[in-house]
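See below for the structure under consideration.
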Amino acid sequence: MPSEHPQTAYKLLTTEQWHSFRDLGALTTATTPLDKGDGYIHMSTRQQAVDTFEKYFKNATGTVLVEVDLAKV
């Protein structure tokens, strides 16, 4: 029976946030100001990522969509 839980989550980042993530090698609550302020890492399902992009990143100079394998978290 297939799991009802998603196997993949997505994280939208600006290009600048992506460079910080890449240099650190891990997503942390310090990766974005919103995550730091809320104390957790905001992640999205595929559809939520589309909605999040439209709401928060549509006018960003550059964005990166990070795919996270939840089995490895």
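Note that UniProt numbering numbers the sequence shown so that position 50 is 50, with each residue one more than the last. The beta-carbon is built from N, C-alpha and C at its ideal position, and this holds for glycine as well. Computed from a prediction, not measured in an experiment: that's the story for all the values here.
Residue burial classification, residue i (beta-carbon count within 10 angstroms, cutoff 16)
| i | result |
| --- | --- |
| residue 40 | exposed |
| residue 13 | buried |
| residue 32 | buried |
| residue 61 | exposed |
Within 9 Å, strictly: CB atoms of residue i and residue j
| i | j | result |
| --- | --- | --- |
| residue 18 | residue 66 | yes |
| residue 27 | residue 11 | yes |
| residue 15 | residue 45 | no |
| residue 70 | residue 8 | yes |
DSSP beta-bridge partners of residue i
| i | result |
| --- | --- |
| residue 9 | 68 |
| residue 63 | 14 |
| residue 44 | 10 |
Residue i: CB within 8 Å of a non-hydrogen atom of the ligand ATP
| i | result |
| --- | --- |
| residue 56 | The ligand ATP is not among the ligands present in this structure, which contains no ligands whatsoever. |
Practice problem: Could you say if the region 50-60 and the region 19-27 meet the contact criterion of at least three C-beta pairs nearer than 8 Å? | Solution: These segments do not touch.
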